[in-house]
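Visitor:
Number of protein chains: 2
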Amino acid sequence: MQCRGGGGMRGSMKISTRGRYAVRVMLDLALHNTGDCIKVKDIAARQGISEKYLEQIIALLNKAGFLQSVRGAQGGYRLLRAPEEYTVGMILRTTEGSLAPVACLEEDTGECNRVDTCETLQVWRELYDAINRVVDGVSVADLARQHRRHLEEAPES
Amino acid sequence: MQCRGGGGMRGSMKISTRGRYAVRVMLDLALHNTGDCIKVKDIAARQGISEKYLEQIIALLNKAGFLQSVRGAQGGYRLLRAPEEYTVGMILRTTEGSLAPVACLEEDTGECNRVDTCETLQVWRELYDAINRVVDGVSVADLARQHRRHLEEAPES
DNA sequence: CCAATTCCTACTAAATACCTAGGTTTATTA
DNA sequence: TAATAAACCTAGGTATTTAGTAGGAATTGG
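See below:
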């Protein structure tokens with residue numbers, strides 16, 4: 012359905028929907044940060060994402076301490092801190108796990124035995140650094156700012 | 012066996028063994044670039060990788076036009092061009108597919124409909140650029156140079 | 001001819017991605 | 001107080017991908 016081209020090679024190094032949706036959720040929460048609770052149902056509707064699936068993703072963000080949750084009727088979620096305080100890197104790490112391109116670079120795990128003689132490790136380290144620099148250099152507030160600028164330039168609906 | 016910590020979160024954005032082995036193969040071929048053929052069997056032994064699996068990976072590199080192959084007894088492979096001509100990026104792209112972190116950035120495919128209003132796309136684009144800059148900035152010759160320097164500093168065996 | 005090699009295709013077990021489904025608990029409100 | 005609306009929790013389920021195994025056909029050197 013999504014792979015029409017030739018066979019084979021679809022591409023790894025991908026950020027999964029979990030991570031991408033999580034970033035969009037955080038942005039959504041920042042844009043509707045009026046003080047009162049925001050329901051999963053509303054986010055799902057706005058973002059066009061399955062409600063039940065979003066629930067699970069938000070649960071990860073919640074467990075990470077990013078959100079404040081209110082149970083019961085008229086409950087929902089809101090950002091615990093200011094949008095500036097959340098980087099895309101933080102969000103991706105809690106939902107996707109480590110962003111290291113190879114397991115050897117994982118903080119706790121890994122440590123392959125060929126570490127001293129492995130020339131490729133240096134490349135992976137540079138890659139890891141570059142990835143972290145980008146994702147930690149963008150905050151949810153940056154995304155929100157960009158969204159508002161978009162609206163000004165092309166005001167629709 | 013490799014995940015001992017807690018459950019959950021293993022980490023995406025990973026380069027698979029295909030890609031990592033491919034880079035090691037190219038480095039191996041560069042280091043043993045004496046002019047005569049190098050057998051898969053020897054590479055597999057030196058690198059400690061399954062012969063049959065390597066065969067398939069090398070087939071990809073071969074089909075991409077990176078190698079010269081000689082069939083039959085005393086056959087094998089050698090680099091078609093100088094090690095300087097191959098970047099890690101080229102190798103990863105032929106074995107792993109596109110290095111784009113999201114499908115929307117894929118050259119031919121993708122083009123999601125929310126392209127104009129998607130603020131997150133900008134982050135993914137920056138990430139894509141950063142990844143490409145790193146992997147295209149390192150050649151197989153660089154890896155070989157680093158290997159030889161390693162040997163000088165700590166000459167073992 | 002024989003042995004060594006590349007080449008080609010199919011298969012498999014395990015993990016992962018991306019959900020769906022169904023229920024439990026907690027709080028508001030009619 | 002009962003109904004309802006929400007968060008919370010856990011267990012699947014299908015399709016795809018990964019990391020190989022396996023087995024043989026085609027090609028060449030000795």
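Chains as they are written, first to last, in this note's numbering: chain A, 12 to 168; chain B, 12 to 168. Note that CB positions come from ideal geometry on N, CA and C, so glycine has one too. Please read these numbers as outputs of a predicted model, since none were measured by experiment.
Quick check on DSSP: helix, strand or coil for residue 89(B)?
Guide: It is a strand residue.
Visitor: Tell me which residues of the stretch 93-104 of chain A have at least one Cβ-Cβ distance to chain B shorter than 7 Å, keeping chain order.
Guide: Listed by position along the chain: 99.
Visitor: Tell me the start and end of each unbroken beta strand (DSSP E) in the stretch 17-82 of chain B that is at least 3 residues and wholly inside, in chain order.
Guide: Counting only runs of 3 or more, we get 78-81.
Visitor: Assign residue 118(A) to one of two classes, buried (16 or more other C-beta atoms within 10 Å of its C-beta) or exposed (fewer than that).
Guide: Residue 118(A) is exposed by the Cβ-count criterion.
Visitor: Measure the beta-carbon distance from residue 131(B) to residue 31(A) and round it to whole angstroms, keeping in mind my assumption that it falls under 8 Å.
Guide: Yes, residue 131(B) and residue 31(A) are in contact; Cβ-Cβ is about 7 Å, under 8 Å.
Visitor: When burial is assigned at 16 or more other CB atoms within 10 Å of the CB, is residue 98(B) buried or exposed?
Guide: Label assigned to residue 98(B): buried.
Visitor: Residues in its own chain within less than 8 Å of residue 86(B) by CB, not counting five upstream and five downstream?
Guide: The answer, listed in chain order, is 48, 50, 80.
Visitor: Flag this pair as yes or no: are the beta carbons of residue 22(B) and residue 109(A) separated by less than 9 Å?
Guide: Yes, they are a contact pair.
Visitor: Exposed or buried, residue 160(B), counting other C-beta atoms within 10 Å across all chains shown (16 or more means buried)?
Guide: With fewer than 16 other Cβ atoms within 10 Å, it is exposed.
Visitor: What does residue 137(A) reach in chain B if we use C-beta pairs closer than 7 Å?
Guide: Result: 145.
Visitor: Count the other CB atoms within 10 Å of the CB of residue 8(A); is the residue buried (16 or more) or exposed (fewer)?
Guide: Residue numbering for chain A in the displayed model covers 12 to 168; residue 8(A) lies beyond these limits and cannot be assessed.
Visitor: List, in order along the chain, the chain A residues whose C-beta lies closer than 7 Å to that of residue 133(B)?
Guide: Here the neighbours are 157.
Visitor: Express the C-alpha separation of residue 156(B) and residue 115(A) in angstroms, rounding to a whole number.
Guide: Answer to the nearest angstrom: the Cα atoms are 22 Å apart.
Visitor: Can you give me, in chain order, the residues of the stretch 30-44 of chain B that have a beta carbon less than 9 Å from any beta carbon in chain A?
Guide: If the cut-off is 9 Å between Cβ atoms, the stretch 30-44 of chain B has 30, 31, 34, 35, 38 near chain A.
Visitor: Between 95(B), 142(B), 133(B), which lies nearest to residue 137(A) when the distance is taken from Cα to Cα?
Guide: Ranking the options by Cα distance to residue 137(A), first place goes to 142(B).
Visitor: Any Cβ of chain B within less than 9 Å of the Cβ of residue 114(A)?
Guide: Answer yes: the Cβ-Cβ gap between residue 114(A) and chain B drops below 9 Å somewhere.
Visitor: Going along chain A, which residues have a C-beta under 7 Å from residue 149(B)?
Guide: Chain A residues near residue 149(B): 134.
Visitor: Applying a beta-carbon distance threshold of less than 9 Å, which residues of chain B neighbour residue 26(A)?
Guide: Going along chain B in sequence order, the residues near residue 26(A) (Cβ under 9 Å) are 23, 24, 112, 113, 135, 138.
Visitor: Which one or two residues does DSSP pair with residue 109(A) in a beta bridge?
Guide: Residue 109(A) is not bridged to any residue.
Visitor: Are the C-beta atoms of residue 108(B) and some chain A residue less than 9 Å apart?
Guide: Closer than 9 Å to some Cβ of chain A, the Cβ of residue 108(B) qualifies, so yes.
Visitor: Would the beta-carbon of residue 74(B) fall within 9 Å of that of residue 62(B)?
Guide: Against a cut-off of 9 Å, the Cβ pair of residue 62(B) and residue 74(B) comes out as no contact.
Visitor: Under a CB-based cut-off of 9 Å, is residue 84(B) close to chain A?
Guide: Taking Cβ atoms only, chain A never reaches closer than 9 Å to residue 84(B), which makes this a no.
Visitor: At 8 Å on the CB atoms, spell out the chain A contacts of residue 141(B), in chain order.
Guide: 141, 142, 144, 145, listed in chain order.
Visitor: Of all the options 134(A), 38(A), 133(A), which has the alpha carbon lying nearest to the alpha carbon of residue 69(A)?
Guide: Per the Cα distances, 38(A).
Visitor: Mind checking if residue 154(A) is an interface residue toward chain B, Cβ cutoff 9 Å exclusive?
Guide: It does; some Cβ of chain B falls within 9 Å.
Visitor: Can you have a look at residue 84(B) and say buried or exposed, based on whether 16 or more other CB atoms are within 10 angstroms of its CB?
Guide: When all chains shown are included, residue 84(B) counts as exposed.
Visitor: Which same chain residues end up closer than 8 Å to residue 112(B) when comparing Cβ atoms and leaving out the 5 residues on each side of it in sequence?
Guide: Excluding residues within five positions, the ones whose Cβ falls inside 8 Å are 24, 135, 138, 139, 142.
Visitor: Counting contacts by CB-CB distance shorter than 9 Å, is residue 66(A) in contact with chain B?
Guide: Judged by the 9 Å Cβ criterion, residue 66(A) is not in contact with chain B.
Visitor: Throw me the rounded Cβ distance for the residue 78(B) and residue 65(B) pair, which I believe falls under 8 Å.
Guide: Residue 78(B) to residue 65(B), Cβ: 13 Å. No contact.
Visitor: Could you check if residue 154(B) is buried or exposed, using at least 16 other CB atoms within 10 Å of its CB as the buried criterion?
Guide: Buried, by the Cβ-count rule.
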